[in-house]
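Numbering (UniProt numbering), first residue to last: 1 to 224. Notes follow the structure.
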Amino acid sequence: MFLNQVPLQHLWLCPFLAGLAWFFTLFALLVTWLAKGMPKYPMQSNPCVAFISDMAAFTLKPLFLVGGSITAVSFILTVCAVHFARYSHRMYGIDDVRWKKSLSIFAMISGVVASLALVLLAGMDTLRFHEEHAVLLLVCFVGLAFSAIATTIVYFDQTWNPSPFRRLRVYCILSAMTISIDFCLGVAFYSLMRSEHWKIAGILEWIMAFTGTFYIWAFIGFVS
Numbered sequence: 001m002f003l004n005q006v007p008l009q010h011l012w013l014c015p016f017l018a019g020l021a022w023f024f025t026l027f028a029l030l031v032t033w034l035a036k037g038m039p040k041y042p043m044q045s046n047p048c049v050a051f052i053s054d055m056a057a058f059t060l061k062p063l064f065l066v067g068g069s070i071t072a073v074s075f076i077l078t079v080c081a082v083h084f085a086r087y088s089h090r091m092y093g094i095d096d097v098r099w100k101k102s103l104s105i106f107a108m109i110s111g112v113v114a115s116l117a118l119v120l121l122a123g124m125d126t127l128r129f130h131e132e133h134a135v136l137l138l139v140c141f142v143g144l145a146f147s148a149i150a151t152t153i154v155y156f157d158q159t160w161n162p163s164p165f166r167r168l169r170v171y172c173i174l175s176a177m178t179i180s181i182d183f184c185l186g187v188a189f190y191s192l193m194r195s196e197h198w199k200i201a202g203i204l205e206w207i208m209a210f211t212g213t214f215y216i217w218a219f220i221g222f223v224s
């Protein structure tokens with residue numbers, strides 16, 4: 001595996017870059033929208049607060065495409081590094097049962113699928129490719145969810161059981177907390193959308209997106 005050739009002290013750069021790219025992409029979209037007086041976009045599904053996909057379909061599409069691509073590539077490297085660290089004798093060297101190793105592979109594949117979907121949906125915007133964008137968005141969310149859940153299960157022993165890696169335990173708990181928060185926000189977002197509470201739903205979408213940054217950054221503690 002190519003990660004064997006990477007100096008261990010540099011692995012933390014993968015989640016750091018992924019989180020940084022995602023944060024500044026979202027920040028640039030949001031600040032630009034606010035600076036322009038919160039305009040409404042054609043085919044905007046939320047009449048109060050524009051969704052990320054709405055903003056990324058127009059003048060800031062190149063920014064979203066570049067930022068999303070950097071995030072995607074860095075996230076793939078991050079997920080691979082997190083699971084590499086668990087089994088590599090250069091890091092934690094944990095000897096897992098077969099099903100956990102299989103779950104690690106599943107987490108990495110899900111992360112790759114989610115990342116590829118992010119790049120594709122950034123290119124196929126919601127204005128010109130509405131149906132395709134919606135499908136890719138769903139694939140991205142499902143891939144991220146599967147990857148996050150699988151990774152949490154694999155590292156569950158470091159979260160709740162006595163662990164010789166105390167620092168790792170702290171970051172495992174932080175990661176699980178961000179996943180739980182995003183899940184609760186997602187349920188609330190769906191309920192608010194169904195009941196047409198557009199403004200709060202729109203705000204929650206942005207909070208969920210920014211929370212994803214901290215989920216990614218929590219992996220710094222897994223690989224540093």
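Virtual Cβ for every residue (Gly too), placed ideally from N, Cα, C.
Item: Alpha carbon to alpha carbon, how far is residue 167 from residue 225? Give it in angstroms, no decimals.; Value: Limits of the chain in this structure are 1 at one end and 224 at the other, which puts residue 225 out of reach.
Item: If you reduce the DSSP assignment to three classes, tell me which class residue 90 lands in.; Value: coil
Item: Return the CA-CA distance between residue 114 and residue 37, expressed in angstroms with no decimal places.; Value: 32 Å
Item: What is the DSSP secondary structure of residue 38, counted as helix, strand or coil?; Value: coil
Item: If we count Cβ pairs, one from each stretch, closer than 8 Å, do we get three or more for the stretch 167-187 versus the stretch 103-121?; Value: no
Item: Under three-state DSSP, which class holds residue 102?; Value: helix
Item: Tell me the residue span of the alpha helix (DSSP H) that contains residue 168.; Value: 166-194
Item: Pop quiz: residue 165 and residue 122 are said to be a contact at Cβ under 8 Å. What is the actual Cβ separation, rounded to whole angstroms?; Value: Actually they are not in contact, since the Cβ atoms of residue 165 and residue 122 sit about 36 Å apart, beyond 8 Å.
Item: Can you give the Cα-Cα distance for residue 217 and residue 42, rounded to whole angstroms?; Value: 34 Å
Item: Could you check which residue in 119, 61, 29, 62 has the C-alpha nearest to that of residue 49?; Value: 29
Item: Return the residue from the list 196, 73, 215 that minimises the CA-CA distance to residue 152.; Value: 215
Item: Using a threshold of 9 Å, state whether the C-beta atoms of residue 12 and residue 224 are closer than that.; Value: yes
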